[in-house]
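Engineer: Have a look at this one.
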Amino acid sequence: MESTLWYPYTQMKQLGELPKMKGGQGVNMHLADGRTLIDGISSWWSVIHGYNHPKLNAALTDQLEQFAHVMLGGITHAPALQLADTLVGITPEGLNHVFFSDSGSIGVEVALKMAIQYWKNKGIHGKTRLVSLKNGYHGDTFKAMEVSDDSDFSHAFSEVLHRGYLLDIPTGGFEASANEIQPAVAALEALLKAKQNELAAFILEPIVQCAGGFHIYAPLYLQAARELCHKYEVLLIFDEVATGFGRTGKLFAAEHARVTPDIMVLGKALTAGYMGHAATLATTEVYNSFLGDDRSKALMHGPTFMANALACSVALKGIQILEEENYLEKISGIEAIIRREFDAIHSDAVTHKRIIGAIGALELKDAAMLNGFKAFAMDQGAWLRPIGNVVYVMPAYIIAEAELVKLIAVIRAWLTRV
Ligand SMILES: Cc1ncc(COP(=O)(O)O)c(C=O)c1O
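For this note's numbering, add 3 to where a residue sits in the sequence shown, where the first one is 1.
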């Protein structure tokens, strides 16, 4: 189809008529044609407080009256300073320094740059390669693609990607015992031991791999990864772009394991879905390696819009709402509803049910079983977009029980047809 606007992940030749958003309120998306849809996936997992939130709107307009943006090179401002302090205060103990950027992918790039340069700055050469997990997804920029599993997101570039090492994720889910995760831990140790002289970092999505199919694994694995990365001197990076800000039932997924990575990336819900922004946090040990009298040790990265004042202001307000309005309780309520409603799904098409926090995913035997599902869901008043053979809900935390029940009923109704 002829279109001046080029859409993401879309074969433009097959682009049909798209629904047009006109307004949003809470979990509702109001379309130009008069229909209202319940957003089941919070705009790619970012709009955690719902659309058009009065407090977030006010935070933005207040900041707008001061200034919208100023470069961060050579000048600073209160929203950036406050957000850095706030993030250090709420993330795992030891992450003491924050570098802002404009999207999750760039936040991951910054993390990888930090990790690679860390070793160089310490005078240790050759530690430039990366380890990650199969099914992982870390973004669409080149280095982020290199640490993501091969998928149709990156196929077109396979000849130019210098991939690192990919390890199997542990089996057995969240509750897996030390015995069950042992093969994955042993494989990690064998790799770290054999390649420690060339490895800069191990990057993973803690607890849940979202875009790669919502695979959930045990906190014990993160603890083992933490120990092994210390032992073999490889940095550990948690990509919490999707899992951060309550999605897995803890404020950050790292908390399930009570470990602090060397570097952590936040994005998406950081700015409550109002605008793109990301934060890469580092420990003092990592940060200190960049200090010196020599400019060549500095982190030579600086997106024009890093620490955008509007983004920082909306992020600060979003975090305040999360804390003041007891969102972790809301999220555990969402988890209970998803569990109850998923229990009532009895379909041969479903091979796995995966639930944690405000995430509920159903893996089907075959992606073709979801052909036509999006249109069906819209006809039923739901905005749901499967990823491959997985249909899932990841709603805003303000969703009411009846709305969530309705979303899952739409999925159940579809499953009775396939
Ligand atoms: C875990 C993870 N990392 C990084 C990204 C990339 O974020 P962005 O789309 O903001 O570049 C995503 C996006 O889905 C993600 O889920």
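Note that CB positions come from ideal geometry on N, CA and C, so glycine has one too.
Note that this is a predicted model, so its numbers are computed, not measured.
1. Would you kindly report the start and end of the unbroken beta strand (DSSP E) that includes Gln28?
2. For Ala310 and Val73, what's the separation of their Cα atoms in angstroms?
3. May I ask you to check if the CB of Ser106 is nearer than 7 angstroms to at least one heavy atom of ligand 1?
4. So, helix, strand or coil for Trp386, using DSSP?
5. Helix, strand or coil for His259 per DSSP?
6. Please state whether the Cβ-Cβ distance between Gly37 and Ala399 is less than 8 angstroms.
7. Quick check: the Cα distance between Ala83 and Gln66, rounded to an integer number of angstroms?
8. Can the beta-carbon of Gly107 be found closer than 8 angstroms to that of Gly139?
9. Are Ile266 and Ala245 touching if we call contact CB-CB under 8 angstroms?
10. Give me the Cβ distance between Tyr277 and Leu63, rounded to the nearest whole Å; I'm assuming they're in contact under 8 angstroms.
11. Under 8 angstroms between the Cβ atoms of Phe145 and Thr283?
12. Figure out for me which residue from Glu112, Tyr224, Glu328, Ala256 has the closest Cα to the Cα of Gly360.
13. For the stretch 287-314, list the alpha helix (DSSP H) runs that are entirely contained and at least 4 residues long, ordered along the chain.
14. Can you tell me the Cβ-Cβ gap for Gly110 and Leu269, rounded? I've got them flagged as a contact below 8 angstroms.
15. Is it buried or exposed for Val50, if we count other Cβ within 10 angstroms and need 16 for buried?
16. Take Glu162 and list the residues in its own chain whose beta-carbon comes closer than 8 angstroms to its own, dropping the five residues that flank it on each side.
17. Should Ala227 and Val188 be called a contact, given that it needs their Cβ atoms to be closer than 8 angstroms?
18. Give me, in chain order, the residues of the same chain whose beta-carbon lies closer than 7 angstroms to that of Ile324; leave out the 5 immediate sequence neighbours on both sides.
19. Within this structure, are the beta carbons of Ala147 and Glu112 separated by less than 8 angstroms?
20. Can you tell me where the alpha helix (DSSP H) with Ala71 in it begins and where it stops?
21. If we count the other Cβ atoms within 10 Å of its Cβ and call it buried at 16 or more, is Leu294 buried or exposed?
22. Applying the 10 Å Cβ sphere with the 16-neighbour rule, what's the burial state of Asp296?
23. Within 7 angstroms: the Cβ of Lys271 and any heavy atom of ligand 1?
24. Are the stretch 373-386 and the stretch 411-420 in contact at 8 angstroms, needing three or more beta carbon pairs?
25. Cα-Cα, which of Met303, Lys333, Ile411 is closest to His349?
26. Since Val30 contacts Ile402 with CB under 8 angstroms, what's their CB separation in whole angstroms?
Structural biologist: According to the structure shown:
1. 24-28
2. 9 angstroms
3. yes
4. strand
5. helix
6. no
7. 12 angstroms
8. no
9. no
10. 7 angstroms
11. no
12. Ala256
13. 287-291
14. 7 angstroms
15. buried
16. none
17. yes
18. His52, Lys58
19. yes
20. Here Ala71 belongs to no alpha helix (DSSP H), and DSSP marks it neither H nor E.
21. exposed
22. exposed
23. yes
24. yes
25. Ile411
26. 5 angstroms
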